[in-house]
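For the sequence shown, counting from 1, position 51 maps to 607 in the numbering used here; every step adds exactly one. Heads up, the thing below is written out as structure tokens.
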Amino acid sequence: MDLCEGVDAHDDPILNLMGTGIALDGTCPSKFKPKSTFLPAIHCDALDVFEREMTKQVKKLRYGVMNVKNNNLSGEQWQALQELKKDHTIVIRQSDKGGNVVIQDTINYVAEGVRQLSDIRC
Numbered sequence: 557m558d559l560c561e562g563v564d565a566h567d568d569p570i571l572n573l574m575g576t577g578i579a580l581d582g583t584c585p586s587k588f589k590p591k592s593t594f595l596p597a598i599h600c601d602a603l604d605v606f607e608r609e610m611t612k613q614v615k616k617l618r619y620g621v622m623n624v625k626n627n628n629l630s631g632e633q634w635q636a637l638q639e640l641k642k643d644h645t646i647v648i649r650q651s652d653k654g655g656n657v658v659i660q661d662t663i664n665y666v667a668e669g670v671r672q673l674s675d676i677r678c
């Protein structure tokens, strides 16, 4: 049975106050909009851009902040480097001469620094 069927809104003003959708003139407007005829595009440039940006963001979350375009390391190499950076038992520094990278035990690194600072010959 339809909500409006057999109801006269003029006979019972409380029906109008309860939000039944019945108009004051006794008519019952449709509660639903007409069926949409919208068909989404099969290929959409905006969705392609969105997908690329989200893929970049997921990679950043997975591997930390890194420039995906201009990186000479693979994802696995970059991840290994990040884990080495977190290791507090080693120190990774650029050497004084030649631009090489030196990996040294933290205890030895501190001892060498103390030795050099304690040298009174300089």
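Just so you know, even glycine gets a beta-carbon here, dropped at the ideal spot from N, CA and C. Just so you know, these numbers come straight off a predicted model, no measurement behind them.
Ignore the nearest five residues each way along the sequence and tell me which others in residue i's own chain have a CB closer than 7 Å to its CB.
i: Glu-607; result: none
i: Ser-674; result: none
i: Met-574; result: Interpretation of Met-574 is limited by its pLDDT of 49, a score under 50 that renders its predicted location unreliable; no figure is taken from the coordinates.
Quick one: what's got a C-beta closer than 8 Å to residue i's C-beta in the same chain, skipping five residues either side?
i: Asn-627; result: Trp-634
i: Val-657; result: Ile-648, Arg-649, Gln-650, Ser-651
i: Lys-589; result: none
Flag this pair as yes or no: are the beta carbons of residue i and residue j separated by less than 8 Å?
i: Leu-629; j: Leu-637; result: yes
I'd like the list of long-range same chain contacts for residue i, defined as Cβ closer than 6 Å, with 5 residues on each side in sequence excluded.
i: Lys-653; result: none
i: Gln-660; result: Val-647
Check your understanding: Using 8 Å as the threshold, is the stretch 638 to 650 in touch with the stretch 660 to 669, meaning 3 or more CB pairs across them?
Key -> yes
**Study point:** Start-end ranges of the beta strand (DSSP E) lying completely within the stretch 624 to 660, minimum 3 residues
**Key:** 646 to 650
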